[in-house]
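**Q** Protein sequence lines correspond, in order, to chains A and B. Just so you know, the first sequence maps onto residues 269 to 381 in our numbering. Just so you know, the second sequence maps onto residues 24 to 140 in our numbering. This structure is in structure tokens; I'll ask about it shortly.
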Amino acid sequence: QQQVKQSPQSLIVQKGGISIINCAYENTAFDYFPWYQQFPGKGPALLIAIRPDVSEKKEGRFTISFNKSAKQFSLHIMDSQPGDSATYFCAATSGGGADGLTFGKGTHLIIQP
Amino acid sequence: GAVVSQHPSWVICKSGTSVKIECRSLDFQATTMFWYRQFPKQSLMLMATSNEGSKATYEQGVEKDKFLINHASLTLSTLTVTSAHPEDSSFYICSASASGTENQPQHFGDGTRLSIL
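Given below as structure tokens:
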């Protein structure tokens, strides 16, 4: 059972555009939702995270939107740049982040110059 | 801050040998560390939770006798792949979060690519 579903699998966006990646979860015990960016051969790097008592969180060009009733959350990358080209993973966990992460399958993002 | 270091970054060894991977939190203490496995172009799958001073907790389907975990201090956890075989070839990644505070994010090391010949 895949507990975190992520879409799209791949995404091509023009430089300066908005990249949008969506995730949906099933386990209502999840209470912490981070997004990670991964470059080839490297470990994931934390981008931004949100808890379900907040509907939106913004850090720089990255925004998480969270819909608790729909059990969905999304990452928006504003003014996308070629350097943003990477694989993005949404994740979820319980215990306020103290438990292991359940990852989505990832989105391969390409920003075209 | 919040740097997690893994060593080695790449290891190639013969089938049947055991391989030890180290995960260190360099600038913070971590009561709990996590070990993940990632196959090419796939997601990360949690293997086990490593608790300082106690036994690790393994996810369903992960052989605890195959993947030995030791968390001897608040800054070091090790994963030993025993009697490794080609199907154990994968990218192993650890993560850690700071102790003693809620809502601390997990920070990941850069992974260890294990290739078993």
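Glycine included, C-beta positions come from ideal geometry on N, C-alpha and C.
In chain A, which residues lie less than 8 Å from H130/B when you measure between Cβ atoms?
**A** L314
**Q** I want to verify the contact list: residues of chain B whose CB lies under 7 Å from the CB of F371/A, in sequence order.
**A** Those within 7 Å of F371/A in chain B are S66 and L67.
**Q** Verify whether the separation of the beta carbon atoms of N295/A and S275/A is less than 7 Å.
**A** Taking 7 Å as the cut-off, the Cβ atoms of N295/A and S275/A do not count as close.
**Q** With contact counted as at least three CB pairs below 8 Å, one residue from each stretch, are the region 340-348 of chain A and the region 107-114 of chain B in contact?
**A** no
**Q** Using 7 Å as the limit for Cβ to Cβ distance, is A317/A near chain B?
**A** yes
**Q** Assuming S362/A is part of the beta strand (DSSP E), what are its boundary residues?
**A** S362/A -> no beta strand (DSSP E), and no H or E assigned at all.
**Q** Please go through the same chain and pick out, in chain order, the residues whose beta-carbon is closer than 8 Å to the beta-carbon of L49/B, but skip the five residues on each side of it.
**A** V26, V27, S28 and T98
**Q** Using three-state DSSP, classify P109/B as helix, strand or coil.
**A** helix
**Q** Give me the chain B residues within the contact set of F298/A, using Cβ-Cβ distance strictly less than 7 Å, ordered along the chain.
**A** Neighbours of F298/A on chain B: none; closest Cβ ~14 Å, over 7 Å.
**Q** Is Y300/A near F357/A, with beta carbons less than 7 Å apart?
**A** no
**Q** Please list the terminal residues of the continuous beta strand (DSSP E) segment that includes K325/A.
**A** E324 to E327
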